[in-house]
Each structure stands twice: as structure tokens, then as C-alpha cells.
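K.L.:
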Amino acid sequence: MTQTITVIRGDGIGPEIMDATLHVLDAMNLGLRYEEADAGLAALEKHGELLPAQTLESIARNRIALKSPLTTPVGEGFSSINVALRRHFDLYANVRPAKSFPNTRSRFPSGVDLITVRENTEGAYIGEGQTLSEDGETASLIQRITRKGSERIVRYAFDLARRTGRKKVTVVHKANILKTTSGLFLKVAREVAALYPEIECNEMIVDNTCMQLVMRPEQFDIIVTTNLFGDIISDLCAGLVGGLGLAPGANIGTEAAIFEAVHGTAPDIAGQGKANPCALLLGAAQMLDHLARPEEAARLRDAVVATLEAKDALTPDLGGSGTTTTFAQAIASRL
Ligand code: NAI
């Protein structure tokens, strides 16, 4: 079966890591067809706009996109192209796995295997109603949490647990202080959890969660939380297991899903062949899971792990002297 996916090569190191990723995917003979679309600076140069209509149409048509990082130029109308994409397709679930990998500069080279499921469309993070008083002394914003937004993200987390055989969902909140907003999220989470009796549900206050993650991350399986807490926690988790070069993420909605590396365009190393392609490759593995191809996702992850274990052609961020291309070739050779 041929599956067409939209491919966005992006800016900075984006084209390099995308070439590497497609090289590995091609070596797997998955029957994927790539439809190239532009966004970011590359799109601005080619089409005169950062997020052209044909890119949105391509994603809408294919429902799946693999995306490299993008540069949002300051003062071009968007606060972020990524946020614009999330809004346009109502990509309400930000899903970020964090797993221990061997031979990485990591505090936890083993034992961590968790997924953060972050609500992506509401809460303080979206900056709704931001105001600054005339004297510049008082700033405020609206933190809006809805039953609908809470329910669908918590359901997503429990469905993910059910689908992947994971056993526990931790609901992260601050309902002891933020009694209305975080309180509503927690109340809805409890209602949803009751529908999944086979999955353990525990509740944890966000500050304690951060401490527990640093001290005993192996206790977590799936974490579900609101937008701003999830933004911070998911980067904390990436830091536990080796940093941004190994951190993939997915933005998932009912009509479309976009898979990516968590890191940015790394302008300091762009064009030098030094970029680590693993984060985007692991994003591609998430994409294969989403396409209900878990064996192929596991095959791809196993090849990444085997290459890290063998310390074969690792890029400089992992302490090696390989290049983006030779690292990808080493991974492809282990499929
Ligand atoms: P960054 O993630 O691009 O870079 C931070 C540091 O990590 C740099 O030293 C970089 O060389 C290193 N790094 C990142 N990815 C790496 C990789 N794959 N291999 C080896 N080293 C890697 O973050 P920064 O510098 O804050 O942002 C640069 C640009 O990226 C900005 O224009 C920002 O807006 C954009 N950005 C885009 C994102 C996206 O499209 N998803 C996400 C984050 C930032």
C-alpha cells in the first residue's frame, strides 16, 4: 500500500536531517510517497510567504506530514509558523516520548521510557488576552481551560496507553492553587480515568512532578497535562535522556498529524554536516506508529539504538566524528 506524506524540509539544518531521514525510510521499503511542500524561510524565498496555501492543502490532503524545523523571521506576521500550523489543523495533542538511549551524554542512560501528552490549544501558553498597563507596571493574560479541551487530551492519553499496552497515566496539575483552571482539568481527568479501569491513574502536582522526574523518572509511563506545564515538562524529559538531538515530537489532531524533531534549525551548525538526524528519525518512527505500523516503527528505533550502542559514525553532539550522512548510512545498514 502506498501512503503519501507531506514532507517539509524546513530551514537551517532542516534539509540535511530530512535527507538523512528519507534515506533511512527509503532503505526500509515502506511504500511511502513524498509530496514536498515549503514552509518557513524557504517558503518565503520561493513563494513570498511563510506558510503558503498549497502547503496547507498538501497536509490537509495527505493528513500526515513529516516536518523539519522552521525559522520564523521576527516581525513577519506570525508569532510562530509551528503555532500557526497547530491552530490551522487543531492539532490538540502534543506527544513527546522520552526514552533512555545508550552512549548519550545523559543522566539516565537506562530506565526512562515515558511519553508526555500535552494539551496544545488552550491555557496560559497560547497568550490569550495579554495586556500591559499603560505605565508598563502590570501585565496580565487569560488562562482559559475548557471541559472539551481537557476531555479530549486526557482521552488521547488513556487511548494511547490502551493502544500501546502502557499501564499508568499520571495527571499533572496545580489544582491546589489554581482551583478553577487546573481544578477543572483535574475534575475532567478523573471522570475520563474512570472509563479506563484497567489503566492505573495517579495525580501529581506539577512542582513535585519536576522533582520526581529528576530523581526517579522510571516511575512515569504516560504523563498528561495542560499546555504550559507540558511545554516545560517535555523539555525537562528530553534533558533527562540526552537532549534535543534525540527528542522527537508529534502534533496530532483528528484531521491531520505533523511529526517532527523538537529542536530548532541550529543555525550555528547548518550546512556543515554536523547535525544529528536522530530526533527527526524518531519522529518518523512516531509517524509509523500513528500509521498503525508498529513493527516498522520498532525496526527503525532498534536500528537507531544499535547504531548508538556501536558508537558508529555518531555526530559531534554525541561525541563522535561522523557526519549527518554517514550516521544515517550507519543506521540504514542496521535495519
Ligand atoms: P536550536 O534547537 O536550533 O539549537 C540549540 C542548540 O542545539 C544549538 O547549539 C544547536 O547547534 C544544537 N542542536 C539543535 N539541534 C541539533 C541537532 N539535530 N544536532 C546537533 N545539534 C543540534 O534552538 P535555537 O538556537 O533556540 O533556535 C534556532 C532557530 O530554530 C530559531 O529560529 C527558532 O525559532 C527555531 N526553532 C524552530 C523550531 C521548530 O520549527 N520546530 C523549534 C525550536 C526553534
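If you read the sequence shown in our numbering, its first letter stands for residue 8, the second for the next number, and so on. Each residue gets a CB set at the ideal place from its N, CA and C atoms; glycine is no exception.
Could you pull the DSSP bridge partners for residue 145 from this structure?
P.N.:
On the sequence shown, residue 145 is found 138 positions in, with the first residue counted as 1. Answer is none; residue 145 lacks a bridge partner.
K.L.:
Check whether the Cβ atoms of residue 73 and residue 258 sit closer than 7 Å, and answer yes or no.
P.N.:
Against the sequence shown, residue 73 aligns to sequence position 66. Against the sequence shown, residue 258 aligns to sequence position 251. No, the Cβ-Cβ distance between residue 73 and residue 258 is not below 7 Å.
K.L.:
In three-state terms, what does DSSP make of residue 294?
P.N.:
Translated into positions along the sequence shown, residue 294 becomes position 287. In this structure, residue 294 counts as helix in the three-state DSSP scheme.
K.L.:
Please determine whether the Cβ atom of residue 276 lies at a distance below 6 Å from any heavy atom of the ligand NAI.
P.N.:
Within the sequence shown, numbered from 1, the residue matching residue 276 stands at position 269. The answer is yes for residue 276.
K.L.:
Taking residue 3 and residue 288 to be in contact with their CB atoms under 8 Å, please state how far apart those CB atoms are, rounded to whole angstroms.
P.N.:
What is shown of the chain runs 8 to 342, which leaves residue 3 out entirely.
K.L.:
Just curious, the alpha helix (DSSP H) that residue 33 is in, first and last residue?
P.N.:
The sequence position of residue 33 within the sequence shown is 26, counting from 1. 21–34 is the extent of the alpha helix (DSSP H) around residue 33.
K.L.:
Using 10 angstroms around the beta-carbon of residue 253, count the other beta-carbons present and answer buried if the total reaches 16, otherwise exposed.
P.N.:
Reading the sequence shown from its first residue, position 246 is the one you call residue 253. Around the beta carbon of residue 253, 16 or more other beta carbons sit within 10 angstroms, so the residue counts as buried.
K.L.:
Which residue marks the beginning of the alpha helix (DSSP H) containing residue 68, and which one marks its end?
P.N.:
As a first step, residue 68 is located in the sequence shown; it is residue number 61 there, counting from the start. Note, residue 68: alpha helix (DSSP H), 60–69.
K.L.:
Which runs of the alpha helix (DSSP H) at least 4 residues long sit entirely within the stretch 135–197? Give them in chain order.
P.N.:
Fully contained in the stretch 135–197 are the following alpha helix (DSSP H) runs of length 4 or more, in chain order: 154–171.
K.L.:
Could you tell me if the beta carbon of residue 73 falls within a distance shorter than 6 Å of some heavy atom in the ligand NAI?
P.N.:
To locate residue 73, count along the sequence shown from 1; it is residue 66. Outside the cutoff, so no.
K.L.:
Work out the CA separation of residue 115 and residue 108 for me, nearest whole Å.
P.N.:
The count along the sequence shown starts at 1 and reaches residue 108 at position 101. The count along the sequence shown starts at 1 and reaches residue 115 at position 108. If I take the Cα positions, the gap works out to 8 Å.
K.L.:
Can you list, in chain order, the residues of its chain with a C-beta nearer than 7 Å to that of residue 11? Leave out the 5 residues immediately preceding and following it.
P.N.:
To locate residue 11, count along the sequence shown from 1; it is residue 4. The answer, listed in chain order, is 40, 42 and 69.
K.L.:
Within 10 Å of its beta-carbon, does residue 274 have 16 or more other beta-carbons around it, so buried, or fewer, so exposed?
P.N.:
Your numbering for residue 274 matches position 267 in the sequence shown. Residue 274 is exposed by the Cβ-count criterion.
K.L.:
Would you call the CB atoms of residue 322 and residue 337 closer than 7 Å?
P.N.:
One-based indexing of the sequence shown puts residue 322 at position 315. One-based indexing of the sequence shown puts residue 337 at position 330. No. Outside cutoff.
K.L.:
Alpha carbon to alpha carbon, how far is residue 35 from residue 110? Give it in angstroms, no decimals.
P.N.:
Residue mapping note: residue 110 aligns to position 103 of the sequence shown, counting from 1. Residue mapping note: residue 35 aligns to position 28 of the sequence shown, counting from 1. When rounded, the distance between both Cα atoms is 25 Å.
K.L.:
Between residue 46 and the rest of its own chain, which residues show a CB-CB distance below 8 Å, the 5 nearest in sequence each way excluded?
P.N.:
For the purposes of this step, residue 46 is taken as the residue at position 39 of the sequence shown. Closer than 8 Å at Cβ, skipping near neighbours: 15, 17, 57, 58, 59, 62, 74, 77, 88 and 92.
K.L.:
May I ask whether a heavy atom of the ligand NAI can be found less than 6 Å away from the beta carbon of residue 251?
P.N.:
Position 244 of the sequence shown, counting from 1, holds the residue named residue 251. At least one heavy atom of the ligand NAI is nearer than 6 Å to the Cβ of residue 251, so yes.
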